[in-house]
Amino acid sequence: MDAVLEQKLSNAVAFATWLHERTNEIEISIDRRAQIALSILQHSLDIGDAIVCLLHNGLPGPALTLARPLFESYVRGYWLLSKKVSDKAVDNFIEGRHPKKLRKIINELENNVDSGAAWIKNNSKVNLKSFDELTHGGEPHYLRHISEGRIEPTYPDAELESYLDLALEIQMRIGHILLSMANDLDGLGQLGQFASTVRGVSR
Numbered sequence: 001m002d003a004v005l006e007q008k009l010s011n012a013v014a015f016a017t018w019l020h021e022r023t024n025e026i027e028i029s030i031d032r033r034a035q036i037a038l039s040i041l042q043h044s045l046d047i048g049d050a051i052v053c054l055l056h057n058g059l060p061g062p063a064l065t066l067a068r069p070l071f072e073s074y075v076r077g078y079w080l081l082s083k084k085v086s087d088k089a090v091d092n093f094i095e096g097r098h099p100k101k102l103r104k105i106i107n108e109l110e111n112n113v114d115s116g117a118a119w120i121k122n123n124s125k126v127n128l129k130s131f132d133e134l135t136h137g138g139e140p141h142y143l144r145h146i147s148e149g150r151i152e153p154t155y156p157d158a159e160l161e162s163y164l165d166l167a168l169e170i171q172m173r174i175g176h177i178l179l180s181m182a183n184d185l186d187g188l189g190q191l192g193q194f195a196s197t198v199r200g201v202s203r
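As numbered in the UniProt record's numbering, residues 1 to 203 make up the sequence shown, in order.
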């Protein structure tokens, strides 16, 4: 593991620890829509934690397999919080009737930079196909287990760093949602400082 990947893992662990300590016992008044959305976003946070644990323990393949669930759970939680989503659509989602495909949800989002929707759309355009292949054990995995005369994981550190960046970015965005709902201005300030620091860690 190179120094950059090691530093990114350390940052991810530090942020997850801080966010859990900051939000685990908060009490906020929310409606049913927000409750469901936050439960999905909590799942996304858990997946991000799992990715960090797997990478830390030398299991890059299983970590990257979680790329699509990480992204999809964030997008679905974000979508449910959108005011443009009707109450009927929320009810259908909760009750499992006519669930919308991920790509349709992404297409419905406005291409807005300030709201974060543009970030979702851009990542979907660039990464969603590879996320699908990683989740289903496709070419990105088996090509990275073949080397001269050996069978072993050979995932480039730069590639792992990129996916770790994605996981941490999603966790920070979910953290912003949680802290905003709790009106935790001090926490939002700390999150902003942390984001500025970790986004500057690169090769």
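Beta carbons: idealized from backbone N, C-alpha and C, even for Gly.
By a beta-carbon distance limit of 8 angstroms, residue 52 contacts residue 9. Their separation comes to about 6 angstroms.
DSSP, reduced to helix, strand and coil, places residue 150 within a strand of the structure shown.
Distance check between residue 182 and each of 38, 68, 124 places 38 closest, using alpha-carbon atoms only. Within a 10 Å sphere around the beta-carbon of residue 97 sit fewer than 16 other beta-carbons, which makes this residue exposed. Straight-line measurement puts the Cα of residue 43 at about 20 angstroms from the Cα of residue 61. In the same chain as residue 26, and ignoring 5 residues on each side of it, the C-beta atoms closer than 7 angstroms to its own belong to 182, in chain order.
Leaving aside the five residues that flank residue 133 on each side, the residues in its chain whose CB is nearer than 7 angstroms to its CB run, in chain order, 139, 140. For residue 60, the secondary structure class from DSSP, reduced to helix, strand or coil, is helix. Proximity to residue 123 across 193, 16, 190, 71 peaks at 71, based on C-alpha coordinates.
Inside the region 86-160, DSSP marks no whole beta strand (DSSP E) run of 3 or more residues. In the DSSP assignment, residue 29 falls outside any alpha helix (DSSP H) and carries neither an H nor an E. The DSSP-derived three-state label of residue 66 is coil.
Contact between residue 73 and residue 36 is absent: CB atoms are separated by about 12 angstroms, not below the 8 angstroms threshold.
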